[in-house]
Amino acid sequence: DVKVTQSSRYLVKRTGEKVFLECVQDMDHENMFWYRQDPGLGLRLIYFSYDVKMKEKGDIPEGYSVSREKKERFSLILESASTNQTSMYLCASSFTQAGQFFGPGTRLTVL
Amino acid sequence: QQQVKQSPQSLIVQKGGISIINCAYENTAFDYFPWYQQFPGKGPALLIAIRPDVSEKKEGRFTISFNKSAKQFSLHIMDSQPGDSATYFCAATHSGSARQLTFGSGTQLTVLP
């Protein structure tokens, strides 16, 4: 089975802190994605990557950056966390011709 | 902006009933339409998916109906069970986008015992 793991299930940070969210997949997928999920808004794409060191902006990239140094690992970075970035963050991976497989999510609270 | 519109926002069904969730899309380039099921505290899980060359796909109690001309697709859950209570998301993508998914806003399904 495909396994997508995220470094933390719950995270509490203070405004202005730099936050790293890590995601690792074990199925050699070329594509990886970061979403945030908010009630009533569904899943919104922040960034995605289709290869090592490649990244593309999604629908809501402002305030975020990403890093993909290895194929299996995709990191989301909040350079200076703000309260409006309190959300559930979901990582996913896929082969190009298949559906996406999601991790369990990280619930981030920014105080 | 590409959109996928999903309805209803919430749905309550009696055990044994049929649950129906509808989605409509705008981008005719979409060529893959998955449905995801999400339980509280979990990430979404791929439930069933369809490509536009077929009008229906069935897997167990779950069926996708697809109407290409109307640009609509729906999920039918037959003999709904309390264990089906979850949030369901429709989505759409096309092969030219690294399979970047556009999601609907989600439907919270509650199946009463």
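Just so you know, the protein sequences line up as chains A and B, in that order. When the first sequence is numbered by this note's numbering, its final residue is 112 and no position is left out of the sequence of numbers. When the second sequence is numbered by this note's numbering, its final residue is 111 and no position is left out of the sequence of numbers. For each residue, glycine too, the CB sits at the ideal point set by N, CA and C.
- Look at D82(B) here: in three-state DSSP terms it is helix.
- The three-state reading of DSSP puts N25(B) in coil, since its state is none of H, G, I, E or B.
- Among the residues facing chain A, Q98(B) is included, as its CB has a counterpart in that chain under 8 Å away.
- A distance below 6 Å between beta-carbons, with the five flanking residues on each side excluded, links D60(A) to the following residues of its chain, in chain order: R45, L46.
- Ranked by Cα distance from G100(A), the first of V52(B), G41(B), Y30(B) is Y30(B).
- DSSP places S93(B) within a helical segment (H, G or I) once states are collapsed to three.
- Distance from the CA of T26(B) to the CA of K72(A), rounded to the nearest whole angstrom, comes to 32 Å.
- When only Cα atoms are considered, R59(B) and V67(A) end up about 39 Å apart.
- According to DSSP, residue pairing for K58(A) in a beta bridge involves Y48(A).
- Secondary structure of T100(B) (DSSP, three-state): strand.
- Chain-order list of chain B residues neighbouring L79(A): empty, with the shortest C-beta distance near 19 Å, by a criterion of under 8 Å.
- One finds L91, F103, G104, P105, G106 in chain A with Cβ atoms closer than 7 Å to the Cβ of G41(B), taken in chain order.
- Between G64(A) and chain B, the shortest Cβ-Cβ separation is not below 8 Å.
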